[in-house]
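Residue numbers (full-length UniProt numbering), protein chains in the order written: chain A, 1 to 409; chain B, 1 to 409.
All C-beta atoms in this analysis are idealised placements derived from N, C-alpha and C, irrespective of residue type, glycine included.
Worksheet for the structure shown next.
There are 2 protein chains.
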Amino acid sequence: MHDSLRINRQRLVSRLEQLGQIGALPGGGCCRLALTEEDLLGREQVIGWMHELGLEVSSDAMGNVFGLRPGTEPGPPVMTGSHIDTVRTGGIYDGNLGVLGGLEVVETLNEAGIVTQRPLCVAFFTNEEGARFAPDMMGSLVYVGGMPLEDALATEGIDGERVGECLERIGARGDAPVGNPEVHAFVELHIEQGPILEESGIAIGAVEKVQGISWQELRFTGTSNHAGTTPMRLRHDAGYAAMATGTFVRELANRIGGDQVGTVGALEIQPNLVNVVANQAHLTVDLRNTDNERLKQAETELAAFVEQLAEREGIEVKHRTLARFDPVTFDPDMVARVEASAKALGHSVMRMPSGAGHDAQMLARVCPTAMIFVPSADGISHNINEYTAPEELEAGVNVLLRVLLDLAE
Amino acid sequence: MHDSLRINRQRLVSRLEQLGQIGALPGGGCCRLALTEEDLLGREQVIGWMHELGLEVSSDAMGNVFGLRPGTEPGPPVMTGSHIDTVRTGGIYDGNLGVLGGLEVVETLNEAGIVTQRPLCVAFFTNEEGARFAPDMMGSLVYVGGMPLEDALATEGIDGERVGECLERIGARGDAPVGNPEVHAFVELHIEQGPILEESGIAIGAVEKVQGISWQELRFTGTSNHAGTTPMRLRHDAGYAAMATGTFVRELANRIGGDQVGTVGALEIQPNLVNVVANQAHLTVDLRNTDNERLKQAETELAAFVEQLAEREGIEVKHRTLARFDPVTFDPDMVARVEASAKALGHSVMRMPSGAGHDAQMLARVCPTAMIFVPSADGISHNINEYTAPEELEAGVNVLLRVLLDLAE
């Protein structure tokens, strides 16, 4: 077919840098929180490029945007894409690579005069990051029918504004019915956001699974006491309970092993004084696994530990679920296509799970789906120092090109 | 002698309540941080009462105040007293009871027309709490020669003002040479600030020892990472290190047992987000024991644990000593006098250590010293809910009266 076709690295990087200028932060990176003025400017830039490339642009009531490239035959397109919203201190690659990589594939095909049998589509989904409106991956979740549109539009953000109001105000609310266009298959190119590819010296990750996520909040209430005059046996130390829980989460993750990770990233105690036993402690627990049974096991063990701890320490504990997504397994045939395409292009490739959530995991509910990962320097993401080298980006988009051609013929 | 002599409970409580009105907080309790305007007003009130009771009032360059009641013979007085400064959210008993209990003893003797052989002295020492200027027990430390006056005067407070400037401004700097008057013996009445007397149903504590105190600050520096994409084995989690240290401190205190206590009361991690491995953590460790060898053992074990932990986790740790006081053992004869006096008055009494620091531990460097404890409701202190019932206060001051008479005859 078109085995020698390659994308244009410089053009790809140039678009990433141009989009990164919108909402650029002083020290590097950028801030384009979903449905802000900066997001609008980013949308206008990308939609402008879509028009330049001859794509038929539509958007739905969630502000999801689709650029369609007709094929020689009708039917649902092979879709690629990701998101262009960022966290508050985001990099220029997270999400953007998947969208602009898709545009680069389209331009490469345009230049070569290739028209695929099935239509192609480059999409970006609203509010993937969830940094302003919870939950994350909201646009793709609504697109696949996993959340009613009305619920999404009524979601209040951290600044009090609602999704629907913001969509209206910035003019991003489209008239295409939600769920359109239908999709034949979905492929998302994304930076890894972790250290595994770099550590392994491997260029391409063929993502097999997305970890299930369990976010919990625990609040312990004990009794504030003098650290000198209160014997250990008479203490009801909320701070100790929080720290013991954090220590347990590490032991639990190590013991379960495999893909299991466990993190206490947020912890606050009160009154937070050197010589006072804490009466209040608040912490979050982030548990993830690609295997839902093991993830449930981790949740169950944590709950049992916390219950016994609270009873032993004579304190109260309140539990709240902040987020819970089951793991997602991608279509094995799709994963094999990514792997084969990378090999055919001479790139090293490994199968791996995704530790972060992505739009692809929502699309997997409605069509065969795969993800392509490229390395993240030092595993850093959601950080202005996020970086992937031009040749690594190029390798990823060439794999995307090949997989899309493969699927569209 | 004067076995039937008793103090006046109502007069005692009335003085405690009057002094508690100075710097009174809206919800109860009071705030008279050392060398503030509120402290000055408190000093003026107490010095006024000293004059009313016929005491010869002197103050030294540290602002320590002494009210002398001459005896039938000259020589160093038997001294009692404590402090009248409070923490920011203090109660009306901590410190104040020891000073106003001393005045109540004097008034009781005055009414009965009793003149003791040795002089008596009621003192209050500057900045016992250390809530504005470190270290705590500063006035009594200077009085006994444990800290050069110049160093104390140059000490900068949390608000940037120096001790010397404050003493000048509020006019509390006296002209008596530091260390005067000399002291024959010292007895301090104080609330327990812990739950042991109340839990044991005992009226009087005969304090044998004051716990040694070791305050340390630990700062861990690791690497911030994505909580989903970073495998456990590649983490350098400063938050985990802090929590594991807090968990270890509890195990350590339990294992050493006896009087050993260990507390992590302050802990902060950064960036403090649910899905980010912490790169910074800061915590304090408060270790106390009446046995200095065991306290040193606890410090050594903690240091070894932290070193191994930091190495295993691949993070940096910085250590700083915030405070270190050796334990103090009171004169056995003095402790026996407290015990005997309590028994003679028909009160239940137990020997016990003090978990908090007190001026008496400084005085113990220069004279036979003892402390009398009365119960604290729910063990609460440094809190506006601090409370000791009038009859419990009365019992303590009657014991103080008896011990002082015993020492002064």
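- In this structure, DSSP gives residue 186 (chain B) an extended state, which the three-state scheme calls strand.
- With a cut-off of 8 angstroms on Cβ pairs, the stretch 297-317 of chain A is in contact with the stretch 213-232 of chain A, counting three or more such pairs.
- Around the C-beta of residue 369 (chain A), 16 or more other C-beta atoms lie within 10 Å, and the residue is accordingly described as buried.
- Bounds of the beta strand (DSSP E) holding residue 123 (chain B) are 120-124.
- In this structure residue 407 (chain A) touches residue 78 (chain A) by the C-beta definition: roughly 4 angstroms separates them, less than 8 angstroms.
- Annotation: Cβ neighbours of residue 286 (chain B) in chain A (cutoff 8 angstroms, chain order): 227, 228, 274 and 275.
- Using a C-beta cut-off of 8 angstroms, the stretch 24-42 of chain B makes contact with the stretch 88-99 of chain B, since at least three inter-stretch Cβ pairs fall below that distance.
- At least one C-beta of chain A is nearer than 8 angstroms to the C-beta of residue 231 (chain B).
- Contact between the stretch 19-29 of chain A and the stretch 378-388 of chain A is established, with three or more Cβ pairs separated by less than 8 angstroms.
- By the Cβ rule, the stretch 329-347 of chain A does not count as touching the stretch 104-122 of chain A, because fewer than three pairs are nearer than 8 angstroms.
- Contact check for residue 170 (chain B) against residue 37 (chain B) passes: the beta carbons are separated by less than 8 angstroms.
- The shortest C-alpha to C-alpha distance from residue 242 (chain B) to any of B:229, B:175 and B:278 is the one to B:278.
- Under the three-state reduction of DSSP, residue 248 (chain B) is assigned to helix.
- Going by beta carbons, residue 292 (chain A) and residue 227 (chain A) fall outside the 8 angstroms limit.
- For residue 135 (chain B), no chain A residue has a Cβ inside 8 angstroms of its Cβ, as the nearest lies near 13 angstroms away.
- Counting along the chain, residue 374 (chain B) sits inside no alpha helix (DSSP H); it lies in the beta strand (DSSP E) bounded by residues 369-374.
- In this structure, DSSP gives residue 30 (chain A) an extended state, which the three-state scheme calls strand.
- For residue 356 (chain B), at least one C-beta of chain A is nearer than 8 angstroms to its own C-beta.
- A straight-line Cα-Cα distance of about 22 angstroms links residue 332 (chain A) and residue 141 (chain A).
- The beta carbons of residue 371 (chain A) and residue 188 (chain A) sit closer together than 8 angstroms.
- Within chain B, no C-beta atom comes nearer than 7 angstroms to that of residue 49 (chain A); the closest sits roughly 29 angstroms away.
- In the DSSP assignment, residue 408 (chain A) falls outside any beta strand (DSSP E) and within the unbroken alpha helix (DSSP H) covering 390-408.
- Distance between residue 207 (chain B) and residue 166 (chain B), taken at the CA atoms: about 34 angstroms.
- Neighbours of residue 250 (chain A) in chain B, taken as residues at a C-beta separation under 7 angstroms, are given in chain order as 240.
- Counted as a single uninterrupted DSSP element, the alpha helix (DSSP H) harbouring residue 333 (chain A) occupies residues 332-344.
- Within the model, the alpha-carbon separation for residue 2 (chain A) versus residue 347 (chain A) is close to 17 angstroms.
- The shortest CA-to-CA distance from residue 389 (chain B) to any of B:12, B:6 and B:4 is the one to B:12.
- Interface residue (Cβ-Cβ distance to chain B less than 8 angstroms): residue 253 (chain A) is classified as such.
- Distances from the CA of residue 192 (chain B) to each of B:377, B:315, B:15 and B:401 were compared; the closest alpha carbon is that of B:377.
- Taking a contact to require three or more Cβ pairs closer than 8 angstroms, the stretch 252-261 of chain B and the stretch 252-259 of chain A do not qualify as touching.
- A straight-line Cα-Cα distance of about 15 angstroms links residue 70 (chain B) and residue 52 (chain B).
- Contact check for residue 42 (chain B) and residue 16 (chain B): beta-carbon distance about 12 angstroms, past the 8 angstroms limit, so the pair fails to qualify.
- Secondary structure at residue 304 (chain B): helix, using DSSP grouped into helix, strand and coil.
- Against residue 264 (chain A), the close residues of chain B are 239, 240 and 243, in the order they occur along the chain (beta-carbon pairs closer than 8 angstroms).
- Against chain B, the CB of residue 27 (chain A) has no partner CB under 8 angstroms away; the residue lies outside that interface.
- Chain order gives the chain B residues near residue 192 (chain A) as 229, where near means a beta carbon separation below 8 angstroms.
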